[in-house]
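Student:
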Amino acid sequence: MEEKTNVMRILDKSKIKYNHYSYVGTNAVSGVEVASVLNQDPNHVFKTLVTTGKTNTHYVFVIPVNKELDLKKAAKSVGEKNIEMLKQKDLLPLTGYIHGGCSPIGMKKFFRTVIDKSSENYETIIFSAGKIGYQVEVRMADLSKIIRFEIADVITNI
0 MEEKTNVMRI
10 LDKSKIKYNH
20 YSYVGTNAVS
30 GVEVASVLNQ
40 DPNHVFKTLV
50 TTGKTNTHYV
60 FVIPVNKELD
70 LKKAAKSVGE
80 KNIEMLKQKD
90 LLPLTGYIHG
100 GCSPIGMKKF
110 FRTVIDKSSE
120 NYETIIFSAG
130 KIGYQVEVRM
140 ADLSKIIRFE
150 IADVITNI
(Lines of atoms letter the chains of each structure in order from A and count residues from 1; the text may use other names and numbers.)
(Lines give C-alpha, C1' and ligand atoms only; values in the text may rest on other atoms or scores of the structure.)
Protein backbone atom coordinates (compact mmCIF):
# COMPACT_ATOMS: atom_id res chain seq x y z
CA MET A 1 0.00 0.00 0.00
CA GLU A 2 1.55 3.27 -1.11
CA GLU A 3 -0.41 5.53 1.18
CA LYS A 4 -2.97 5.48 3.99
CA THR A 5 -5.86 7.86 3.53
CA ASN A 6 -7.72 9.58 6.35
CA VAL A 7 -10.63 7.15 5.79
CA MET A 8 -8.26 4.20 6.30
CA ARG A 9 -6.86 5.79 9.47
CA ILE A 10 -10.42 6.24 10.82
CA LEU A 11 -11.20 2.58 10.04
CA ASP A 12 -7.92 1.47 11.66
CA LYS A 13 -8.58 3.57 14.78
CA SER A 14 -12.04 1.98 15.09
CA LYS A 15 -10.48 -1.47 14.59
CA ILE A 16 -12.67 -2.11 11.56
CA LYS A 17 -11.41 -4.58 8.99
CA TYR A 18 -11.44 -3.42 5.40
CA ASN A 19 -9.92 -4.27 2.06
CA HIS A 20 -8.22 -1.48 0.17
CA TYR A 21 -7.77 -1.05 -3.54
CA SER A 22 -5.59 1.34 -5.47
CA TYR A 23 -6.02 2.41 -9.05
CA VAL A 24 -3.27 5.06 -8.94
CA GLY A 25 -1.54 5.29 -12.31
CA THR A 26 -4.58 4.21 -14.31
CA ASN A 27 -6.71 6.42 -16.53
CA ALA A 28 -9.88 5.50 -14.60
CA VAL A 29 -11.97 8.60 -13.95
CA SER A 30 -15.63 7.58 -13.75
CA GLY A 31 -16.89 5.15 -11.15
CA VAL A 32 -17.66 2.58 -13.84
CA GLU A 33 -14.06 2.85 -15.09
CA VAL A 34 -12.79 2.44 -11.53
CA ALA A 35 -14.93 -0.69 -11.04
CA SER A 36 -13.59 -2.07 -14.32
CA VAL A 37 -9.92 -1.39 -13.42
CA LEU A 38 -10.49 -3.03 -10.01
CA ASN A 39 -12.21 -5.97 -11.75
CA GLN A 40 -15.33 -5.43 -9.63
CA ASP A 41 -19.05 -5.52 -10.38
CA PRO A 42 -20.13 -1.86 -10.84
CA ASN A 43 -23.24 -2.64 -8.76
CA HIS A 44 -20.92 -3.40 -5.83
CA VAL A 45 -18.82 -0.21 -6.16
CA PHE A 46 -20.55 2.89 -4.77
CA LYS A 47 -20.14 6.62 -5.31
CA THR A 48 -20.77 9.32 -2.73
CA LEU A 49 -22.97 12.22 -3.82
CA VAL A 50 -23.61 15.37 -1.83
CA THR A 51 -26.87 17.27 -2.29
CA THR A 52 -28.66 20.34 -0.98
CA GLY A 53 -32.32 20.33 -0.03
CA LYS A 54 -34.84 23.12 -0.45
CA THR A 55 -34.26 23.85 3.27
CA ASN A 56 -30.51 24.38 2.53
CA THR A 57 -29.73 21.18 4.45
CA HIS A 58 -27.03 18.96 2.96
CA TYR A 59 -27.47 15.23 2.46
CA VAL A 60 -25.14 12.46 1.37
CA PHE A 61 -26.31 9.66 -0.92
CA VAL A 62 -24.23 6.56 -1.58
CA ILE A 63 -25.28 4.72 -4.74
CA PRO A 64 -23.80 2.20 -7.21
CA VAL A 65 -21.37 3.83 -9.67
CA ASN A 66 -23.36 2.64 -12.69
CA LYS A 67 -26.65 4.18 -11.47
CA GLU A 68 -28.11 7.66 -11.29
CA LEU A 69 -29.57 9.33 -8.22
CA ASP A 70 -33.33 9.82 -8.56
CA LEU A 71 -33.70 13.32 -7.11
CA LYS A 72 -37.43 12.87 -6.39
CA LYS A 73 -36.90 9.59 -4.51
CA ALA A 74 -33.86 11.05 -2.74
CA ALA A 75 -35.82 14.14 -1.62
CA LYS A 76 -38.69 11.97 -0.40
CA SER A 77 -36.29 9.73 1.55
CA VAL A 78 -35.08 12.71 3.62
CA GLY A 79 -38.41 14.55 3.84
CA GLU A 80 -37.53 17.38 1.46
CA LYS A 81 -39.73 18.87 -1.28
CA ASN A 82 -36.78 18.68 -3.65
CA ILE A 83 -33.02 18.40 -3.65
CA GLU A 84 -30.28 19.23 -6.11
CA MET A 85 -26.68 18.16 -6.53
CA LEU A 86 -24.15 20.29 -4.66
CA LYS A 87 -22.10 22.45 -7.01
CA GLN A 88 -18.63 20.97 -7.53
CA LYS A 89 -16.89 24.15 -6.33
CA ASP A 90 -18.71 23.85 -2.98
CA LEU A 91 -17.69 20.24 -2.32
CA LEU A 92 -14.18 20.79 -0.89
CA PRO A 93 -15.08 23.64 1.49
CA LEU A 94 -18.15 21.74 2.74
CA THR A 95 -16.81 18.18 3.04
CA GLY A 96 -13.03 18.39 2.86
CA TYR A 97 -13.11 16.14 -0.21
CA ILE A 98 -12.65 16.81 -3.91
CA HIS A 99 -14.83 15.51 -6.73
CA GLY A 100 -13.88 11.88 -7.41
CA GLY A 101 -12.48 11.37 -3.92
CA CYS A 102 -15.53 11.95 -1.75
CA SER A 103 -16.20 9.35 0.95
CA PRO A 104 -19.11 9.02 3.38
CA ILE A 105 -16.48 8.54 6.13
CA GLY A 106 -14.41 11.46 7.44
CA MET A 107 -16.22 14.51 6.10
CA LYS A 108 -15.54 17.78 7.93
CA LYS A 109 -19.01 17.48 9.43
CA PHE A 110 -21.50 14.61 9.49
CA PHE A 111 -24.44 14.92 7.10
CA ARG A 112 -27.53 12.75 7.03
CA THR A 113 -26.52 9.81 4.86
CA VAL A 114 -28.68 7.48 2.77
CA ILE A 115 -27.27 4.36 1.13
CA ASP A 116 -29.23 2.88 -1.75
CA LYS A 117 -31.15 -0.27 -0.87
CA SER A 118 -29.28 -2.23 -3.55
CA SER A 119 -26.44 -2.32 -0.97
CA GLU A 120 -28.50 -4.94 0.85
CA ASN A 121 -27.53 -7.37 -1.92
CA TYR A 122 -23.95 -7.34 -0.60
CA GLU A 123 -22.27 -8.03 2.72
CA THR A 124 -19.70 -5.36 1.85
CA ILE A 125 -19.64 -2.29 -0.34
CA ILE A 126 -16.69 -0.63 -2.03
CA PHE A 127 -16.41 3.16 -2.00
CA SER A 128 -13.87 5.98 -2.11
CA ALA A 129 -11.19 5.95 0.55
CA GLY A 130 -11.27 9.77 0.47
CA LYS A 131 -8.65 10.29 -2.20
CA ILE A 132 -8.67 9.75 -5.96
CA GLY A 133 -6.96 6.46 -6.70
CA TYR A 134 -8.02 4.68 -3.51
CA GLN A 135 -11.09 2.64 -2.58
CA VAL A 136 -12.04 0.67 0.53
CA GLU A 137 -14.35 -2.30 0.94
CA VAL A 138 -16.20 -2.38 4.25
CA ARG A 139 -18.89 -4.66 5.68
CA MET A 140 -22.20 -2.80 5.94
CA ALA A 141 -22.50 -3.90 9.59
CA ASP A 142 -19.08 -2.35 10.31
CA LEU A 143 -19.85 0.84 8.37
CA SER A 144 -22.82 1.37 10.70
CA LYS A 145 -20.35 1.51 13.62
CA ILE A 146 -18.60 4.53 12.08
CA ILE A 147 -21.40 6.54 10.47
CA ARG A 148 -25.15 6.67 10.89
CA PHE A 149 -27.01 5.93 7.69
CA GLU A 150 -30.39 4.95 6.40
CA ILE A 151 -31.23 2.55 3.58
CA ALA A 152 -33.70 3.68 0.89
CA ASP A 153 -34.47 3.21 -2.77
CA VAL A 154 -32.92 6.36 -4.26
CA ILE A 155 -31.75 5.32 -7.75
CA THR A 156 -33.52 5.72 -11.06
CA ASN A 157 -35.15 2.64 -12.53
CA ILE A 158 -33.84 2.57 -16.07
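Going by numbering that gives the first Met the number 0, the first residue of the sequence shown is number 0, and it counts up by one from there.
Positions of the beta carbon are idealized from the N, C-alpha and C atoms, including for glycine.
Can you name, in chain order, every residue of its own chain whose Cβ lies under 6 Å from the Cβ of aspartate 141, other than the five neighbours on each side?
Tutor: Result list for aspartate 141: Ile15, in chain order.
Student: Only counting runs of 4 or more residues, tell me where the alpha helix (DSSP H) segments fall wholly within the segment 59 to 89, in order along the chain.
Tutor: As far as the segment 59 to 89 is concerned, its whole alpha helix (DSSP H) runs of at least 4 residues are 70 to 76.
Student: Within 10 angstroms of the Cβ of glutamine 87, are there 16 or more other Cβ atoms? Answer buried if so, exposed if not.
Tutor: Glutamine 87 comes out exposed.
Student: Which of the three DSSP states, helix, strand or coil, is assigned to methionine 0?
Tutor: In this predicted model, methionine 0 has a pLDDT of only 48, less than 50, meaning its place in the structure is not dependable enough to derive any value.
Student: Is leucine 48 helix, strand or coil by DSSP?
Tutor: Leucine 48: strand per DSSP, three-state reduction.
Student: Since valine 36 and threonine 47 are thought to touch, with beta carbons under 8 Å apart, how far apart are those beta carbons, to the nearest angstrom?
Tutor: Contact doesn't hold; Cβ gap of about 18 Å is too wide.
Student: Just confirm the distance between the C-beta atoms of phenylalanine 45 and phenylalanine 126, as a whole number of angstroms; I'd bet it's less than 8 Å.
Tutor: About 5 Å; that satisfies the 8 Å criterion.
Student: Within 8 Å, do at least three Cβ pairs link the segment 66 to 81 to the segment 94 to 109?
Tutor: These segments do not touch.
Student: If you count every other CB in all the chains shown that lies within 10 Å of the CB of threonine 54, and 16 or more means buried, which is it?
Tutor: Looking at its Cβ environment, which holds fewer than 16 other Cβ atoms inside 10 Å, threonine 54 is exposed.
Student: Between which two residues does the beta strand (DSSP E) carrying valine 6 extend?
Tutor: Note, valine 6: premise wrong, no beta strand (DSSP E); alpha helix (DSSP H) at 5 to 12.
Student: Do you know whose CA, among Tyr22, Lys144, Glu122, lies nearest threonine 9's CA?
Tutor: For the record, residue 9 in the displayed sequence is isoleucine; it is not threonine. It is Lys144.
Student: Any idea if proline 92 is buried or exposed, counting beta-carbon neighbours within 10 angstroms, 16 or more meaning buried?
Tutor: The residue is exposed, with fewer than 16 neighbouring Cβ atoms inside 10 Å.
Student: Provide the residue span of the beta strand (DSSP E) that contains isoleucine 125, from first to last.
Tutor: Looking at the DSSP string, the run of the beta strand (DSSP E) that includes isoleucine 125 is 123 to 127.
Student: Whose CA, out of Thr4, Arg111, Ile62, lies closest to the CA of serine 118?
Tutor: Closest by alpha carbon: Ile62.
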